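Read through the structure below, which is laid out as structure tokens, and then see the notes.
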Amino acid sequence: MTAEIYHVLRSDQFDRPFLNDLFDITNKLRQISRTKRGADYLQTLMSNKRAMLYFTQPSTRTFLSFMNACQILGIKTSEIRDPHTSSEMKGETVEDAIRTFSSYVDLIIMRSPRAGLADRIANLLDETPRRVPIINGGSGRDEHPTQALLDIYTLRRSFGKTGGDIDNKKIAMVGDVQRGRTVRSLSHLMRHFENAQIYFVSPDSLKIADDLREYLKNEGVEFHETTNFEEVIPEADAIYMTRIQDEHDTAGESKHIDYSKYHFTHDHLKILKKDAIIMHPLPRRQEIDVKVDADPRAKYWRQERNGMWTRVALIAKMFNLHKDITEPYGV
Ligand code: NCD
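Counting with this note's numbering, you get residues 1211 to 1541 for the letters of the sequence shown.
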């Protein structure tokens, strides 16, 4: 058993035993859910709980996968996706709005354009008599911890059905590695793997931020920074593509960047290792040619589905249902 986690705010909260445990629970859940009896059993586990999805930044996958994850466990959900429909329009602070949700629900899952907001809200709730757990579903350019979990799960599952090793693997993260929060959160987790190496491949103007560089140096994670994508493709065991995060532009600066050098084309498949994999947190624009989708090394659609199951496992783990899943009764 690993240390319990109350709020999920940043990926560096997770240690390797936690990741291993989550991986096992995720696989077990998928197995149980294959029969109707098993799926019905899972729906009893949290049928007395309610969750709030507070997503004030655009989201398709993260929102829907959390919503469906809740449904798999029988959790009832309510949602706010547009702050214009909440009392924030009447001048209520986000702090008061979220404190209100905590009066009604047992879990708050939130996404916000503001870096650090999930942390602040968690601290605030910790001081109140009705403390409820917060899951950060993406905060500004800062963190996306649950995406990092599903990315690790996808890497391990793709490197070996029963849980391949990320140790000694070379992971290339490509594109806007400066402003992509999925890149930041996943990079933080690389410290848990022996001799795993990261290649950050980006235009000069979108190189990783200084704090991430410092973090990786302090943690002894080997990493390289380059602008040359084609040189890295044949070396990599996993290629993690990202879109340009132009919602964070201050003056339309993305328009002046030639991002086409950071596109994975159909021709690139020829120089990619036979057992390497291609990932993408999605949504994609032109970073990956749609013709690449049919190649067995393209894992991004599976990665998306893995997200739902990893989130089911995470919620179950946060509510200490580990035993009900790994040793279920009568299923
Ligand atoms: C990512 C995000 O929102 O940070 N998407 C996701 O959650 N799957 C990546 C992105 O928007 O580019």
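Even glycine gets a Cβ: it sits at the ideal position worked out from N, Cα and C. Small disclaimer: the values here were computed from a predicted structure and weren't measured.
Given a length threshold of 3 residues, each whole run of the beta strand (DSSP E) inside the segment 1255-1335 is given here in chain order: 1260-1265, 1286-1290 and 1317-1322. Chain order is used for the residues whose beta-carbon lies nearer than 7 Å to a heavy atom of the ligand NCD, namely SER1269, ARG1271, THR1272, GLY1348, HIS1354, GLN1357, GLY1390, ARG1391, THR1392, THR1452, ARG1453, GLN1455, PRO1491, LEU1492 and PRO1493.
Bounds of any beta strand (DSSP E) do not take in VAL1522; it lies within the alpha helix (DSSP H) bounded by 1510-1528.
By the beta-carbon neighbour count (other beta carbons within 10 angstroms, threshold 16), ALA1523 is buried. Rounded to the nearest whole angstrom, the C-alpha separation of LYS1380 and MET1299 is 47 Å.
In this structure, ILE1331 lies near ILE1308, with their beta-carbon atoms less than 7 Å apart. Straight-line measurement puts the Cα of GLN1407 at about 44 Å from the Cα of PRO1339. Straight-line spacing of the CA atoms in ARG1494 and ASN1258 works out to 37 Å.
Contact between LEU1479 and VAL1442 does not hold, since their C-beta atoms are separated by about 15 Å, which reaches or exceeds 8 Å.
The alpha-carbon of ASP1447 is positioned some 7 Å away from that of LYS1483. Just so you know, the alpha carbons of ILE1449 and PRO1506 end up roughly 14 Å apart. When DSSP states are grouped into helix, strand and coil, VAL1387 belongs to the coil group.
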